[in-house]
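Participant: Each residue of the sequence shown is one higher than the one before, counting from 649 in the working numbering. We put the CB at the ideal spot given by N, CA and C, even for glycine. Keep in mind it's a predicted model, so treat the numbers as computed, not measured.
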Amino acid sequence: GIAVTYQQCSLSTLQKVSRSTRNSIWTASYTQKSLQVSSRIRVQSPSPSRCRGGRLGYRSTAIKLGTEINEHHANEKEEMQALIVRFAGYIVEVQALEQRNTALPAELTALHSRYKGSPTGIGEEYELKFKEVWELIEVLTNEKGAADIERGYLEEEVEVWRLKVEEELALKEEAEMILREKLHDEEVAELRKQIEYSKMTAELDGDRPDLAVASRSVQEAEKWYKSKFDTLKEHAGKHEEHMKTMKDEITTFHNKVTELQSQIDLEDMDGVIAQMEPQLCETKLEMTKYPQDYQELLHIKLQLDVEITTYRKLLEEEEQRLGIWVSRQSSSKTSHHRGMFMF
C-alpha cells in the first residue's frame, strides 16, 4: 500500500512539474525573443535626419525586421514541436508506469492468497515436496534390498543345482564304466566258450600227423610243449602290457574328463559336453579294438591250451600203449605250468 501511494504521488508530482516546465519555457522563450526584437527596433529606428531624407530607408528597415520576426516565429515553432514530442514521450512513460502500478496490487493479492498471507507458506510447500522425495527414496531403497536378497537366494539355488549336475555326471560316468566292464567280461566268457567248443573238434583232425612225432620221443614232445608254452607266455606278457597301457590311457582320459568337467560352468556345460562327444566316440572306437586284440590273444591261448591237452592225452595213451610212464616230477611241473597258463 505504501509503494502504491508513493508511486501515485510521484506521478502527480511529475505531471505538475511537466506543466510548470512547459509554461516557463514558453514564457521565457517568448520574452527573450520580444526583447531581442524591441532592441533591434530601438537601435535601428530612424533619426529625424534620416526621416527627412525620405521614407525609403524606413521601409527597407521595416521589411528587414518583418523578415527576421517571421524567421524567429518559424524557429520558435520548430522548438515547440520538438518540446511537444519530448513531452509526448514523457506522457507515454507515465501511462506505462500507471498501468504497472495498477497491476501491482493484483499481483500482490495473488501472492497473498497463494501463500496464505504468511512468508512461511513457501517453506511449507517445499517441505511437502522434500517429504515426498524422501518417501520415494525410502521405497526404492526397500525394493533394492528385496531384490538383493532375492538375487542371493537365486545364486544359492544355482550353486546347489550345479553341484547336483556334477554329482549326476560323476555317477553316470561310473555307471558307464561298470557297464563296459560287465559287457567286456560277458563277451570274453562267451568267446572262451565258443573257442573251447570249436577247438575240441578242429584240433583233433588237424594235429594227427604230430602223433608219430609224439610217439617217437616223449622228450621231443616235452620240448615242443615247453616251446609252445613259452610262446604262449610271451603272448600273454605282451597282452598284459597292452592291457596295462590301455588301462593307463583310460585312467588318463578319465582324469582329463574330470578336470574338464571341474573347469566348465553351468552355462556352457552343454557346449563342452557336445565338444567332448566326438572324443568319447573316438575313445570308444579305440576301446572296441582292444577287446578284439584281447580276443585274438585269448583265441591263441585257448588253441594252445587245447593242443597241449590233446597232445598230453595222446602222449598218455601212447605211454600206456608202450609201457612208458612219466615221472611225477614232470607231471607236477606240467600241472604247475597249466595252472599258470589258466588265468
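Do you know how far the Cα of V781 is from the Cα of Q747?
Facilitator: 42 Å
Participant: If I measure Cβ to Cβ from R969 and keep anything under 6 Å in the same chain, skipping five residues before and after, which residues do I get?
Facilitator: Within its own chain, no residue has a Cβ closer than 6 Å to the Cβ of R969 once the five positions on either side in sequence are excluded.
Participant: State the CB to CB distance for the pair L946 and R840, rounded to an integer number of angstroms; the pair is presumed to be in contact (CB under 8 Å).
Facilitator: 7 Å
Participant: Leaving out five residues before and five after E844 in sequence, what residues of the same chain have Cβ atoms less than 8 Å from its Cβ?
Facilitator: L950 and V954
Participant: Roughly how many angstroms lie between the CA atoms of D878 and A837, to the nearest whole one?
Facilitator: 24 Å
Participant: If we ignore side chains and look at the alpha-carbon of each, how far apart do E1057 and D796 end up?
Facilitator: Coverage of the chain is limited to positions 649 through 991, which leaves residue 1057 absent and any answer about it impossible.
Participant: If you draw a straight line from the alpha carbon of Q943 to that of R828, how long is it in whole angstroms?
Facilitator: 16 Å
Participant: Expressed to the nearest angstrom, what Euclidean distance is found between the alpha-carbon atoms of E791 and L776?
Facilitator: So the alpha carbons of these two residues sit roughly 23 Å apart.
Participant: Under three-state DSSP, which class holds Q655?
Facilitator: Confidence is the limiting factor: at Q655 the pLDDT is only 45, short of 50, which leaves the residue's position unreliable and the question unanswerable from this model.
Participant: Consult DSSP for S983 and reduce its assignment to one of helix, strand or coil.
Facilitator: With a pLDDT of 49 at S983, under the threshold of 50, the predicted position of this residue should be treated as unreliable, though the coordinate-derived value follows. Residue state, collapsed to three classes: helix.
Participant: Buried or exposed: I785, going by 16 or more other Cβ atoms within 10 Å of its Cβ?
Facilitator: exposed
Participant: Distance check for T715 and A722, CA to CA, integer angstroms please.
Facilitator: 11 Å
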